[in-house]
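Below: one structure, written as structure tokens.
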Amino acid sequence: MNGAETRASGSPYAPHTADERDAMLEAVEADSITDLFDIPDAVRFSDEFGIDARTERETRRLVRSILGRNENLTELLGRGHYGYYVPSLVDHLADRSEFLTSYTQYQPEISQGFLQALFEYQSLLVELTGLEIANCSMYDAATALGEAATLADRVRDTSGHRILVPDLLREERRSTLENYVAGTDLIVEAYPTADGAIDVDELADAVDEDVVMLYAENPTVRGTIEERLDAASELATDADALFVLGSDPVALSLLQRPADVGADVVIGDASVLGLPTSYGMGLGLFACREDYLRQVPGRLVGVSEDATDRRAFTLTLQTREQHIRRERATSNICTNQAWVALRTAMHAAALGPNGLVDLAKRDVTRAENLAERLDDLVGVSAPVHDRHHIREFVAHVDQPAPAIAEDLETRGFAVHVVGKHELQCCVAGVPDTELDAFVAAFSEVVR
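Residues in the sequence shown are numbered from 3 upward in steps of one, following the working numbering.
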């Protein structure tokens with residue numbers, strides 16, 4: 003098709019010609035396309051974007067030059083973002099066109115492959131959590147936490163409006179949770195922690211019959227392992243509140259199963275597998291007891307039989323969802339992270355059960371080893387918390403922590419500043435040779 007033909011008949015991406023658009027506008031009695039949008043003047047953008055038109059080649063060159071200005075740092079950041087190595091087979095398989103171009107699998111007769119992969123993802127979470135039900139993804143851990151809160155409010159038999167979260171909870175997650183409960187009578191309150199873990203005595207004073215949901219994380223954002231989750235669960239049960247636990251697939255492969263410590267719901271970020279560090283993009287996991295099956299937010303893949311008695315996968319219990327139930331839906335979540343869930347399932351399958359456990363065990367031993375090496379340095383005490391850790395830990399430095407972090411950055415390493423004299427270090431995905439170089443750099447900056 004030559005240029006003249008394209009202008010006359012449109013293109014595969016913008017198929018309507020100018021004459022066709024004019025005819026449609028005339029039919030609806032509109033002068034222009036902008037008349038079709040009722041945007042209030044107070045929020046209407048009427049200025050120019052100031053972006054010059056560029057060819058594809060020019061655009062690629064510009065993007066490469068911008069990305070080239072990024073500093074090539076070895077990241078020991080953690081706190082929810084982990085850079086595990088993703089096997090190349092995950093990219094090769096997930097980039098197949100039937101996965102990349104797939105929309106929600108409403109037509110099971112043409113989506114069996116993707117549906118089965120999502121069913122395997124759900125099965126993985128069921129096995130790791132010990133709970134009976136898992137959906138096939140949420141946006142991220144923060145939105146999963148918000149959905150857990152609204153679920154708790156729906157299923158709790160008695161009145162109540164308090165949601166208790168640890169004071170260590172990342173501010174981004176708490177902010178999202180508060181957005182979710184805005185407009186309801188639910189309020190979010192923090193309970194104290196001690197030495198990087200739940201202060202059970204203080205928590206007992208905070209829990210009463212007005213509590214709807216009690217939330218804890220294992221591991222915590224500071225890398226510590228909670229050792230008294232059963233006590234927290236008992237407090238929630240006695241108050242007729244839901245006990246919600248935050249975790250991730252790597253940690254769950256090694257730690258005690260949430261179901262075994264009384265968790266009613268498990269949320270977290272499953273993208274520790276399948277995605278490199280993505281700085282915001284994630285994959286929310288959501289699992290719960292079968293009692294709450296019809297209150298689960300998001301999509302569920304089930305297994306059934308077709309007309310010829312063959313096993314078949316399909317989206318199930320869709321009457322919970324907003325595309326059918328509208329304002330009476332259990333959740334307003336519509337789309338999800340199915341392609342990322344696919345990658346997580348692929349990565350987990352590539353590792354296998356033993357490989358996943360080995361990965362988690364290395365996170366424990368390598369974090370312990372790095373803490374010991376830093377603790378040997380003058381002016382450094384690590385870890386701050388006298389507890390078991392996985393992946394990451396907090397170190398105390400006698401010098402101001404921001405200055406230490408800045409000096410480390412000039413030497414090619416990024417760490418979190420979490421206090422005036424506290425730095426957080428994470429070993430996930432960092433090669434041993436880079437950890438050796440990090441210790442050497444640390445020793446230089448604390449002299």
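Glycine residues also receive a C-beta, built at the ideal position from the N, C-alpha and C atoms.
From a predicted model like this one, the values you see are computed outputs, not experimental measurements.
**Prompt:** In this structure, what does DSSP give as the bridge partners for Q426?
**Reply:** For the purposes of this step, residue 426 is taken as the residue at position 424 of the sequence shown. Under DSSP, the beta-bridge partners assigned to Q426 are V396, H418.
**Request:** Can you check DSSP and say which residues form a bridge with S249?
**Result:** Mapped onto the sequence shown, residue 249 falls at position 247. In the DSSP secondary-structure assignment, S249 is bridged to G270.
**Item:** C-beta contact flag for L166 and V303 at 8 Å
**Value:** Working through the sequence shown from its first residue, we reach residue 166 at position 164. Working through the sequence shown from its first residue, we reach residue 303 at position 301. Not closer than 8 Å, so no.
**Asked** By a C-beta neighbour count over all protein chains shown, 10 Å radius and 16 as the cutoff for buried, is A136 buried or exposed?
**Response** Numbered from its first residue, the sequence shown carries residue 136 at position 134. A136 should be labelled buried.
**Asked** For S306, is the classification buried or exposed, using 16 other Cβ atoms within 10 angstroms of its Cβ as the cut-off for buried?
**Response** Residue 306 sits at position 304 when you count from the first residue of the sequence shown. Burial call: exposed.
**Span separating the alpha-carbon of L130 from that of L254** = What you label residue 130 is simply residue 128 of the sequence shown in a count that begins at 1. What you label residue 254 is simply residue 252 of the sequence shown in a count that begins at 1. One Cα belongs to L130, the other to L254, and the distance between them is close to 6 Å.
**Request:** Could you spell out where the beta strand (DSSP E) holding L130 opens and where it closes?
**Result:** Numbered from its first residue, the sequence shown carries residue 130 at position 128. It is not in any beta strand (DSSP E) - L130 instead sits in the alpha helix (DSSP H) that spans 114-131.
**Request:** Rounded to whole angstroms, what's the CA-CA distance from G12 to A20? Just pull it up for me.
**Result:** Sequence index remark: in the sequence shown, residue 12 carries index 10 (1-based). Sequence index remark: in the sequence shown, residue 20 carries index 18 (1-based). For G12, the predicted structure reports a pLDDT of 49, less than 50, and the residue's modelled location is therefore unreliable. The matter cannot be settled from this model.
**Message:** Tell me the rounded alpha-carbon separation between T178 and T310.
**Reply:** As a working note, residue 178 is residue 176 in the sequence shown. As a working note, residue 310 is residue 308 in the sequence shown. T178 and T310: Cα-Cα distance of roughly 46 Å.
**Request:** Write down the C-beta distance between A430 and G185 rounded to the nearest angstrom, noting that I regard them as a contact closer than 8 Å.
**Result:** Numbered from 1 along the sequence shown, position 428 holds the residue referred to as residue 430. Numbered from 1 along the sequence shown, position 183 holds the residue referred to as residue 185. Contact between A430 and G185 does not hold, since the beta-carbon distance rounds to 37 Å and is not under 8 Å.
**Nearest-angstrom Cα separation, counted from T226 out to V396** = Your numbering for residue 396 matches position 394 in the sequence shown. Your numbering for residue 226 matches position 224 in the sequence shown. Cα-Cα distance, rounded: 9 Å.
**Prompt:** In this structure, does DSSP put H387 in helix, strand or coil?
**Reply:** As a position in the sequence shown, residue 387 is number 385, starting the count at 1. Note: H387 maps to coil in three-state DSSP.
**Item:** CA-to-CA distance, F101 to P168, given in whole angstroms
**Value:** Here residue 168 is taken as the residue at index 166 of the sequence shown, counted from 1. Here residue 101 is taken as the residue at index 99 of the sequence shown, counted from 1. Cα-Cα distance, rounded: 38 Å.
**Prompt:** Grouping DSSP H, G and I as helix and E and B as strand, with all else coil, what is P433?
**Reply:** Taking the sequence shown and counting its residues from 1, one reaches residue 433 at position 431. Here P433 sits in coil by DSSP.
**Message:** Spatial neighbours of V214 within its chain, please: C-beta separation below 8 Å, excluding the five flanking residues on both sides.
**Reply:** Here residue 214 refers to the residue found at position 212 when the sequence shown is read from its first residue. Cβ within range, chain order: A151, A154, D155, R158, G162, H163, R164, I165, L188, A243, L244.
**Request:** Specify whether the region 340-347 and the region 273-288 touch according to this definition: at least 3 beta carbon pairs, one from each stretch, less than 8 Å apart.
**Result:** Counting Cβ pairs under 8 Å, three or more are found: they touch.
**Item:** N- and C-terminal bounds of the beta strand (DSSP E) containing F315
**Value:** Reading the sequence shown from its first residue, position 313 is the one you call residue 315. Looking at the DSSP string, the run of the beta strand (DSSP E) that includes F315 is 313-317.
**Item:** Paired residues, beta bridge with H454 - DSSP
**Value:** Because the chain spans 3 through 449 in this model, residue 454 falls outside it and cannot be assessed.
**Asked** DSSP on P355, reduced to helix/strand/coil?
**Response** Against the sequence shown, residue 355 aligns to sequence position 353. In the three-state reduction of the DSSP assignment, P355 falls in the helix class.
**Nearest-angstrom Cβ-Cβ length linking A143 and I269, presumed shorter than 8 Å** = Indexing the sequence shown from 1 puts residue 143 at position 141. Indexing the sequence shown from 1 puts residue 269 at position 267. With a contact defined as Cβ atoms closer than 8 Å, A143 and I269 qualify at about 6 Å.
**Prompt:** In or out: H18 buried (at least 16 other Cβ within 10 Å) or exposed?
**Reply:** Start at 1 with the first residue of the sequence shown, and residue 18 comes out as number 16. Result: exposed.
**Closest Cα partner of Y2 within the set H94, D207, D197, A238** = Nothing can be reported for residue 2: it is not among the residues displayed for the chain, which extend from 3 to 449.
**Prompt:** Does DSSP put A184 in a helix, in a strand, or in coil?
**Reply:** If you number the sequence shown from 1, residue 184 lands on position 182. A184 sits in coil when the DSSP states are folded into three classes, being neither helix nor strand.
**Message:** Quick check on the burial criterion: 16 or more other C-beta atoms within 10 angstroms. Buried or exposed for R46?
**Reply:** Translated into the one-based positions of the sequence shown, residue 46 becomes position 44. It is exposed - the Cβ of R46 has fewer than 16 other Cβ atoms within 10 Å.
**Prompt:** Over what stretch of residues does the beta strand (DSSP E) that includes I406 continue unbroken?
**Reply:** Residue 406 sits at position 404 when you count from the first residue of the sequence shown. Note, I406: premise wrong, no beta strand (DSSP E); alpha helix (DSSP H) at 403-412.
**Message:** So, for G300: in the same chain, excluding its five sequence neighbours on each side, which residues have a beta-carbon less than 6 Å away from its beta-carbon?
**Reply:** Numbered from 1 along the sequence shown, position 298 holds the residue referred to as residue 300. So the qualifying residues of the chain are N137, M140, I335, N338.
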